[in-house]
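Put into structure tokens, the structure is as follows:
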């Protein structure tokens, strides 16, 4: 058994397809299949159920997969530790952010980080929250900007900012003339929301539960920009984070007056990460940006 074989195994489990795994691994399909067959013989168990059309991981394969992912992640950490001790602020650092934050938040910090840490190569990953958490656990990324709360003893985190929600309407909606709005005003409204898997949807549903509002079941958007277009067409109203507000999109953004719903954005990293020194310096720089 070697590290290469474990990476082959992980790739096949991910794609459930030998051809796609071979392509991702830059190896021929027969060579990959042969190595996995040898791995099964060495372990004395069957990792995959194979048919002409499908590849399905076995229950014992699932257990071994978790171990394999940890081994690969730890190996990556060994290389990162060596590089970080040579120069903590050099080399590659992989940072994730979710889609309803990344386009509005990262442009504020990336130029600053690039200027302050010229030897640090920032690799930015945009993905949904659940996927980022999984990638952080597996060591595929070093840190991630996530919305609180996230409960996992594997991580440390530090609060970066609080981002208030605004009510977004078209200029033709009856709320459009309001200077402020109260959460109670929404108790009879149905809001346009994002589709499943977006943390902004979960946050909006929490607010709906507090106000008595409901979700518009006739439409679910796949992106914040689609939500804007539907609001602009006066299909309904929605909640938009203040950071994502645009001044030229033709929408009316109304702040909440007393009880102000918000999302809290924090940077998360593994407690045993090899990049903690770099993360600390990045945090210091980010805090300076948002204190201005």
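In our numbering, the protein residues as written are 792 to 1083.
Ideal placement from N, C-alpha and C gives every residue a C-beta, glycine not left out.
Alpha-carbon to alpha-carbon, residue 1057 and residue 954 = For residue 954 and residue 1057, the distance between alpha carbons rounds to 11 Å.
Q | For residue 884 and residue 933, believed in contact at Cβ under 8 Å, the rounded distance | A | Rounded to the nearest angstrom, the Cβ distance from residue 933 to residue 884 is 5 Å, consistent with a contact under 8 Å.
Can you give me the start and stop residues for the alpha helix (DSSP H) that residue 800 sits inside? 794-806 is the span of the alpha helix (DSSP H), which, as asked, contains residue 800.
Margin query: Quick test of the definition: if touching needs 3 or more C-beta pairs under 8 Å, does the stretch 923-930 touch the stretch 977-992?
Written below: Taking a cut-off of 8 Å for Cβ pairs, the stretch 923-930 and the stretch 977-992 do not touch, as fewer than three such pairs fall below it.
Report task. In the DSSP assignment, find the unbroken beta strand (DSSP E) run with residue 1051 in it and report its ends. Result -> It is not in any beta strand (DSSP E) - residue 1051 carries neither H nor E in the DSSP assignment.
Mapping the DSSP letters down to three states, classify residue 926 as helix, strand or coil. In the structure shown, residue 926 sits in a helix (DSSP, three-state: H, G or I).
Requested in this report: Would you mind sorting residue 1029 into buried or exposed? The rule is 16 or more other CB atoms within 10 Å of its CB.
Outcome: Looking at its Cβ environment, which holds 16 or more other Cβ atoms inside 10 Å, residue 1029 is buried.
Exercise for review: Mind checking who residue 1029 pairs with in its DSSP beta bridge?
Suggested key: Looking at the DSSP output, residue 1029 shares a beta bridge with 959.
_Own chain partners of residue 1011 with C-beta closer than 7 Å, once the 5 adjacent residues on each side are dropped_ = Beyond the five residues adjoining it in sequence on each side, residue 1011 comes within less than 7 Å, by CB distance, of 984, 985, 986 in the same chain, given in chain order.
At least 3 beta-carbon pairs within less than 8 Å: the stretch 1018-1026 vs the stretch 938-947
Touching, no.
Exercise. Consider the C-beta atom of residue 841 and the heavy atoms of the ligand SAM; say whether any pair is separated by less than 7 Å.
Key: Summarising the ligand content, the structure contains no ligands, and the ligand SAM is consequently not present.
* **Supposed contact pair residue 1060 and residue 918 - C-beta distance, whole angstroms, cut 8 Å** => With a contact defined as Cβ atoms closer than 8 Å, residue 918 and residue 1060 miss out at about 16 Å.
Discussion item. Give me, in chain order, the residues of the same chain whose beta-carbon lies closer than 8 Å to that of residue 1013; leave out the 5 immediate sequence neighbours on both sides.
Written reply: Cβ contact annotation for residue 1013 (same chain, cutoff 8 Å, sequence separation greater than five): 985, 986, in chain order.
*asked:* How far does the alpha helix (DSSP H) with residue 935 in it extend, from its first residue to its last?
replied: Run containing residue 935: none in the alpha helix (DSSP H); it sits in the beta strand (DSSP E), 934-938.
Between residue 956 and residue 1031, how many whole angstroms is the CB-CB distance? I'm expecting something under 8 Å. The beta carbons of residue 956 and residue 1031 sit about 7 Å from each other, so the pair counts as a contact at 8 Å.
Ignore the nearest five residues each way along the sequence and tell me which others in residue 923's own chain have a CB closer than 6 Å to its CB.
Excluding sequence neighbours, residue 923 sits near 887, 935.
Are there 16 or more other CB atoms within 10 angstroms of the CB of residue 971, so buried, or fewer, so exposed?
Exposed.
**Prompt:** What first and last residue would you give for the alpha helix (DSSP H) that runs through residue 1077?
**Reply:** Element bounds for residue 1077: 1067-1082.
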